[in-house]
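*Asks:* Got a structure for you, written out below as structure tokens; questions coming shortly.
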Amino acid sequence: MKQTLTASLKQWLVADNPKVGLDAGMAWMRVAPFIALHIAAGAAFVVGVALVDVLAATVTYLVRMFAITAFYHRYFAHRAFETSRGWQFFFALIGASAAQRGPLWWSAMHRRHHAVVDTDADVHAPHHGFLRSHLTWFLTHENFATDERRVRDWACFPELRWLDRFDALIPIVSLGLVFGIGAMLERFAPHLGTTAVQFTLWSYCVSTVLLLHVTLAVNSLAHRFGTRRFETKDRSRNLRWLAWLTLGEGWHNNHHRYAGAARQGFFAGETDVSYQVLRLLEWLGVVRNLRVVPERILAERGPR
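Numbering of the sequence shown is given in the working numbering, commencing with residue 27 and proceeding in unit increments.
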């Protein structure tokens, strides 16, 4: 099914769901913003940088990475813990600001991954090639629609459906808010050495690009490189350095052995920052019933 330029533009602005399974071509109106985002991130190294820019970029990276790993992934895709409707929307909103689309689409695609992992039906399986498994799989028409059959448990929430439908809105608003903060710092705190443009490029564009590629590396790299504690039917691997960058998602072989756990670093020395934050949120009453790894699974551990 071919799409006109007008239809593609409308779909980019308002993600009304077409039928699942459009043609396999690139959705160039979806690609354009990602190209622009990467150009903007590159421009950050031209305009200069101040300490406040680096600090802001670090904070926005970490906060949104937690929202993606703990909520988009462990909560929405795997229901690894429970929370209130208000908190689920709050963290979904933060996750949506990372420009990785809405929580329904994200969890539907991830549930599909687990159902058909490392087969031809797995849209980001490594054997499709690095570029496809890392990036282009989500920029095609065929993978644009949210397969609501896989997320019936979440599709009943209109606020989550709204985030999916207007998935471009939250990043745009976030960009505007960051620019506003940068303008205020430029005006009222000139000693910090930043400008509205400089602050925006670093704290939103650079951090978003880094967050995007580190998240995608779980698909493209953690099924190719690393070690295996468990003999799973897929090719998942544990990558320690990726676990640090993703706040715990790099323990991917662990995750594929038991995906329903709130933690992915199953053993001592397997740092899982997202899980530690979830434990703090449990103590604060924000989340509850963190699902644990059964002892029978832990007993299967291999030497690595």
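Note that CB positions come from ideal geometry on N, CA and C, so glycine has one too.
All figures in this text were calculated on a predicted structure; none of them were measured in a lab.
Near Thr234, which residues of its chain fall below 7 Å by C-beta distance, leaving aside the five closest residues on each side in sequence?
*Replies:* For Thr234, where only same-chain residues beyond five positions count, the Cβ hits under 7 Å are Leu63, Ala124, Ala125.
*Asks:* Within 10 angstroms of its Cβ, does His139 collect 16 or more other Cβ (buried), or is it exposed?
*Replies:* Answer is buried; the Cβ neighbour count reaches 16.
*Asks:* Please state whether DSSP places Trp180 in a helix, a strand or coil.
*Replies:* Trp180: coil per DSSP, three-state reduction.
*Asks:* Are at least three pairs of beta-carbons, each pair with one atom in the stretch 245-253 and one in the stretch 149-158, less than 8 Å apart?
*Replies:* Result yes; three or more Cβ-Cβ pairs closer than 8 Å.
*Asks:* Rank Trp270, Gly252, Tyr230 by C-alpha distance to the C-alpha of Ala70 and give the top, closest one.
*Replies:* Selected option, being the one with the closest Cα: Tyr230.
*Asks:* Return the residue from the list Phe102, Gly121, Phe97, Ser110 that minimises the CA-CA distance to Leu195.
*Replies:* Cα-wise, what sits closest to Leu195 is Gly121.
*Asks:* Tell me, please, whether the stretch 285-297 touches the stretch 78-88 by the rule of three or more beta-carbon pairs shorter than 8 Å.
*Replies:* In short, these stretches do not touch, since the Cβ pair count stays below three.
*Asks:* Which parts of the stretch 243-318 are runs of the alpha helix (DSSP H), unbroken and 4 residues or longer, counting only runs that do not cross its ends?
*Replies:* List check, alpha helix (DSSP H) in window: 266-271, 278-283, 299-310.
*Asks:* Any idea if Gly47 is buried or exposed, counting beta-carbon neighbours within 10 angstroms, 16 or more meaning buried?
*Replies:* Interpretation of Gly47 is limited by its pLDDT of 45, a score under 50 that renders its predicted location unreliable; the figure taken from the coordinates is listed afterwards. Under this definition Gly47 is an exposed residue.
*Asks:* CA-CA distance, Glu257 and Phe251?
*Replies:* Cα to Cα, Glu257 sits roughly 15 Å from Phe251.
*Asks:* In whole angstroms, give me the CA-to-CA distance for Arg105 and Ala209.
*Replies:* Cα-Cα distance, rounded: 40 Å.
*Asks:* With the cut-off set at 9 Å, would you say Ala76 and Gly219 are in Cβ contact?
*Replies:* Closer than 9 Å, so yes.
*Asks:* In chain order, which alpha helix (DSSP H) runs of at least 4 residues are fully inside the stretch 138-191?
*Replies:* 156-160, 184-191, all fully within the stretch 138-191.
*Asks:* For the stretch 167-182 and the stretch 51-58, state whether three or more C-beta atom pairs, one from each stretch, are separated by less than 8 Å.
*Replies:* Contact between the stretch 167-182 and the stretch 51-58 is present, because at least three Cβ pairs lie under 8 Å.
*Asks:* From this set, Trp131, Leu186, Phe192, which residue's C-alpha is nearest Gly112's C-alpha?
*Replies:* Considering only alpha carbons, the answer is Leu186.
*Asks:* Select from Leu304, Leu130, Asp298, Phe117 the residue whose C-alpha is nearest the C-alpha of Phe192.
*Replies:* Cα-wise, what sits closest to Phe192 is Leu130.
*Asks:* On the CB-based measure, 16 or more other CB atoms within 10 Å of its CB, does Ala93 come out buried or exposed?
*Replies:* Counting Cβ neighbours within 10 Å, Ala93 comes out buried, since at least 16 surround it.
*Asks:* Hey, out of Leu306, Thr162, Val312, whose CA is closest to Glu108's CA?
*Replies:* The option with the nearest alpha carbon to Glu108 is Val312.
*Asks:* Quick one: grab the DSSP three-state call for Glu108.
*Replies:* Strand at Glu108.
*Asks:* Rounded to a whole number of angstroms, what is the C-alpha to C-alpha distance between Arg176 and Val232?
*Replies:* Taking the straight line joining both Cα atoms gives about 32 Å.
*Asks:* So the candidates are Arg317, Arg254, Leu324; which of them puts its Cα closest to the Cα of Tyr101?
*Replies:* The option with the nearest alpha carbon to Tyr101 is Arg317.
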